[in-house]
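Just so you know, the numbering used here puts 167 at position 182 of the sequence shown, and the rest follows in order with no gaps.
To keep things clear, I will list the structure first and then write my remarks on it.
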Amino acid sequence: MGSGVAALAIIGAAGGTALGLSSQGTTTTSSQSQGTTTLPGGGSGTSGGTNGFTVPGYGNGSGSDGSSGSGSGTGTGTGTGTQTAATPATAAQTKGVVTIDTVMNYDTSSQAAGTGMVLTSDGFVLTNNHVVQGATSIAVTDETTGKQYRAEVVGTDATHDVAVLKLQDASGLSTVTLDDDGEPSTGDAVTDVGNAEGTGNLVAAAGTVTALDQDIQVQSESGTGTESLQGLIEVAAQIVPGDSGGPVLDSEGEVVGMATAASSGSAEVTGYAIPITTAKAIADKILAGESSDTVTIGLPAFLGVEVGSTATTQTTAGVPVAGTVDGSGAAAAGLVAGDTITSLDGTAVTSNDALTSAIRSHAVGDRVQVGYTDASGTAHTVTVTLTAGPAA
């Protein structure tokens, strides 16, 4: 099994003080390391670091990230391949392919864009989780007809980077044709179709399969660790920001994979796609309403705190609160900027990741006990009712 180790992250994420979702229940107000931020899907802000691989979301959030970290990635696929510049996609290639635009995290200046595949004529759409992660509003456009739909999140699997959306009031949509012959073979010709650079114009990039069953690592949401994506198809094709969630087609025009990640920093791009059999199996569980350790049905529970960077002068161990989201449980319970969350339901939390993990185990409407210390050092415990948050 091949592997690639790198600081992998979302391309072009809006940085600095833009609000980025750090999974269920919290948002972050600063980038931690490695030249990236935690805004899924991306933005037009710049990053001071470089990464061996990227997750190609795209967006128009403003801001910049001045951190200077870097990463290196080396995949071990054994195949060789050719790739050509992207060209406008043909009508056959765009059948069942849609563009996705999102507004992120209650901050309308932060937006993102990606691609999706229509699974059913009444509007169930398959895409990457990172395309819609953190979204508070999702618009999907059928580029064939030009019709735009509002979309809701049916369910997500953040671990495997899969999400299913439902288009409101949709009917009679064209659908993609999924390959049912198993994975492609090394050397097979493929074509990636996507919303390259978030322009709303679908383009096609031809290439070849260079390896199968590849494992890569992507930077975690906090910027302090990595998360793995496994069993991917490696392709030599110009997969770029905005292509995430789009189809990788075989020579018969059938979908064999979902574009998910790509290398950066060189003319020859190494792309990675989730095998369509894997993505469809997860989508089927979501559509059946089968939640699990990795699958979340509907929107996740949300605490509603904006998490700031831990200051070197901070004396209380815990998660510093930079603010709260209006209408959230945290705001209703009276948490304010300057507080430090120290526990959830009696269990100590010393990092944003720990707080996020604790919230992830709850459902919308659950009541949790939040322990915190205010700016004066006084300890408090309040009951917070978790609301529905942005997409997981």
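All C-beta atoms, glycine included, are put in the ideal place defined by N, C-alpha and C.
Is the beta carbon of residue 376 sitting closer than 8 Å to the one on residue 119? Here residue 376 corresponds to residue number 391 of the sequence shown, with the count starting at 1. Here residue 119 corresponds to residue number 134 of the sequence shown, with the count starting at 1. Taking 8 Å as the Cβ cut-off, residue 376 and residue 119 qualify as a contacting pair.
Using alpha carbons as the reference points, say which of 348, 234, 305 lies closest to residue 336. By 1-based counting over the sequence shown, the position of residue 336 is 351. For residue 336, the closest C-alpha among the options 348, 234, 305 is that of 305.
Go ahead and label residue 291 buried or exposed: buried means 16 or more other beta carbons lie within 10 angstroms of its beta carbon, across all protein chains shown. Reading the sequence shown from its first residue, position 306 is the one you call residue 291. Buried.
Indicate whether residue 301 and residue 325 have their beta-carbon atoms separated by less than 8 Å. For the purposes of this step, residue 301 is taken as residue 316 along the sequence shown, with counting starting at 1. For the purposes of this step, residue 325 is taken as residue 340 along the sequence shown, with counting starting at 1. In this structure, residue 325 lies closer than 8 Å to residue 301 by Cβ.
Alpha carbon to alpha carbon, what distance is there between residue 371 and residue 348? On the sequence shown, position 363 is the one that residue 348 refers to. On the sequence shown, position 386 is the one that residue 371 refers to. Straight-line Cα distance between these residues: approximately 7 Å.
Look at the Cβ atom of residue 175, then the Cβ atom of residue 181, and state whether they are nearer than 8 Å. Residue mapping note: residue 175 aligns to position 190 of the sequence shown, counting from 1. Residue mapping note: residue 181 aligns to position 196 of the sequence shown, counting from 1. Cβ atoms of residue 175 and residue 181: not closer than 8 Å.
Strictly by DSSP, which residues pair up with residue 223? What you label residue 223 is simply residue 238 of the sequence shown in a count that begins at 1. According to DSSP, residue 223 bridges with nothing at all.
If you pair each beta-carbon of the region 257 to 270 with each one of the region 241 to 248, do three or more pairs fall below 8 Å? Contact check between the region 257 to 270 and the region 241 to 248: three or more CB pairs, one atom from each, fall below 8 Å, which counts as touching.
Within 10 angstroms of its Cβ, does residue 311 collect 16 or more other Cβ (buried), or is it exposed? Residue numbering aside, residue 311 sits at position 326 when the sequence shown is read from its first letter. Residue 311 should be labelled exposed.
State the Cα-Cα distance for the pair residue 135 and residue 121, rounded to the nearest angstrom. For the purposes of this step, residue 135 is taken as the residue at position 150 of the sequence shown. For the purposes of this step, residue 121 is taken as the residue at position 136 of the sequence shown. For residue 135 and residue 121, the distance between alpha carbons rounds to 11 Å.
Restricting to Cα atoms, I'd like to know which of 369, 308, 274 is closest to residue 140. Within the sequence shown, residue 140 is the residue found at index 155, counting from 1. Looking at the Cα atoms, 274 is the closest of the given residues.
Contact set for residue 78: own chain, Cβ-Cβ below 6 Å, skip 5 residues either direction: Here residue 78 refers to the residue found at position 93 when the sequence shown is read from its first residue. Apart from sequence neighbours up to five positions away, the residues of its chain that approach residue 78 with a beta-carbon distance below 6 Å are 178, 189, ordered along the chain.
Give me the Cβ distance between residue 378 and residue 354, rounded to the nearest whole Å; I'm assuming they're in contact under 8 Å. No statement about residue 378 is possible, as the shown extent of the chain runs from -14 to 377 and does not include it.
Who are the Cβ neighbours of residue 333 in its own chain at under 7 Å, not counting the five residues just before and after it? Numbered from 1 along the sequence shown, position 348 holds the residue referred to as residue 333. Correct list, in chain order: 327.
Cβ-Cβ distance between residue 84 and residue 128 below 8 Å: For the purposes of this step, residue 84 is taken as the residue at position 99 of the sequence shown. For the purposes of this step, residue 128 is taken as the residue at position 143 of the sequence shown. Yes. Within cutoff.
Please work out which residues of its chain come closer than 7 Å, Cβ to Cβ, to residue 107, disregarding the five sequence neighbours upstream and downstream, and give them in chain order. Residue numbering aside, residue 107 sits at position 122 when the sequence shown is read from its first letter. Sequence-distant Cβ neighbours of residue 107 in its own chain, meaning closer than 7 Å and more than five residues away, are 155, 156.
Please identify the residue among 162, 183, 194 whose C-alpha is closest to the C-alpha of residue 458. Examination of residue 458 is not possible in this model, given that the chain is present from -14 through 377 alone.
In this structure, how does DSSP classify residue 256 when only helix, strand and coil are distinguished? If you number the sequence shown from 1, residue 256 lands on position 271. Note: residue 256 maps to strand in three-state DSSP.
Using 10 angstroms around the beta-carbon of residue 73, count the other beta-carbons present and answer buried if the total reaches 16, otherwise exposed. Indexing the sequence shown from 1 puts residue 73 at position 88. Exposed.
List the DSSP bridge partners of residue 115. The residue given as residue 115 occupies position 130 in the sequence shown. Bridge partners of residue 115 according to DSSP: none are assigned.
Verify whether the separation of the beta carbon atoms of residue 198 and residue 216 is less than 8 Å. Within the sequence shown, numbered from 1, the residue matching residue 198 stands at position 213. Within the sequence shown, numbered from 1, the residue matching residue 216 stands at position 231. With contacts defined as CB atoms closer than 8 Å, residue 198 and residue 216 qualify as a contacting pair.
Nearest to residue 289 (by Cα), restricted to the options 162, 318, 76: The sequence position of residue 289 within the sequence shown is 304, counting from 1. Checked all of 162, 318, 76; the closest Cα to residue 289 is 318.
Just tell me which of 360, 270, 267 has its CA closest to the CA of residue 308. Counting from 1 along the sequence shown, the entry for residue 308 is found at position 323. Residue 360 holds the alpha-carbon nearest to the alpha-carbon of residue 308 among 360, 270, 267.
Got a sec? Which residues, its chain only, sit under 7 Å from residue 63 by beta carbon, not counting five neighbours each side? Position 78 of the sequence shown, counted from the first residue, corresponds to residue 63. Its pLDDT being 44, under 50, residue 63 is placed unreliably by the model, and nothing is read from it.
Nearest-angstrom Cα distance between residue 113 and residue 224? Position 128 of the sequence shown, counting from 1, holds the residue named residue 113. Position 239 of the sequence shown, counting from 1, holds the residue named residue 224. Linking residue 113 to residue 224 through their CA atoms gives a straight-line distance of about 14 Å.
Report the residue ranges of all beta strand (DSSP E) runs contained in full by the region 118 to 191; include only those spanning at least 3 residues, in chain order. Segments of the beta strand (DSSP E) lying fully in the region 118 to 191: 120 to 127, 132 to 142, 147 to 152, 174 to 179.
Taking residue 341 as the reference, give the member of 366, 303, 219, 116 with the closest Cα. Taking the sequence shown and counting its residues from 1, one reaches residue 341 at position 356. When C-alpha distances from residue 341 are compared across 366, 303, 219, 116, the shortest belongs to 303.
Quick one: what does DSSP say residue 198 is sitting in, helix, strand or coil? Here the question's residue 198 lines up with position 213 in the sequence shown. Here residue 198 sits in strand by DSSP.
Quick test of your reading: residue 227 and residue 100, contact by CB under 8 Å. State the CB separation rounded to the nearest angstrom. Position 242 of the sequence shown, counting from 1, holds the residue named residue 227. Position 115 of the sequence shown, counting from 1, holds the residue named residue 100. At roughly 7 Å, the Cβ-Cβ gap stays under 8 Å, so residue 227 and residue 100 are in contact.
Return the CA-CA distance between residue 145 and residue 316, expressed in angstroms with no decimal places. Taking the sequence shown and counting its residues from 1, the one referred to as residue 145 is at position 160. Taking the sequence shown and counting its residues from 1, the one referred to as residue 316 is at position 331. The alpha-carbon atoms of residue 145 and residue 316 are separated by roughly 32 Å.
So residue 272 and residue 116 are supposed to be a Cβ contact under 8 Å. How far apart are they, rounded? The sequence position of residue 272 within the sequence shown is 287, counting from 1. The sequence position of residue 116 within the sequence shown is 131, counting from 1. That belief does not hold up - the Cβ atoms of residue 272 and residue 116 are roughly 18 Å apart, past 8 Å.
Extract the residue ranges of the beta strand (DSSP E) inside the region 260 to 311, only unbroken runs of 3 or more that lie entirely within it. As far as the region 260 to 311 is concerned, its whole beta strand (DSSP E) runs of at least 3 residues are 280 to 282, 290 to 292, 304 to 309.
Using only the alpha-carbon positions, how far apart do residue 183 and residue 86 sit? Locating residue 183 in the sequence shown gives position 198, where the first residue counts as 1. Locating residue 86 in the sequence shown gives position 101, where the first residue counts as 1. Spanning the two alpha carbons is a distance of roughly 8 Å.
My output table needs one value for residue 338: the three-state DSSP class, helix, strand or coil. Walking along the sequence shown from the start, residue 338 turns up at place 353. The answer is helix: DSSP assigns residue 338 an H, G or I state.
Pull up the DSSP beta-bridge partners for residue 344, would you. The residue given as residue 344 occupies position 359 in the sequence shown. None; residue 344 has no bridge partner.
Where does the unbroken beta strand (DSSP E) through residue 105 begin, and where does it stop? Your numbering for residue 105 matches position 120 in the sequence shown. Premise fails: residue 105 is in no beta strand (DSSP E) and is neither H nor E.
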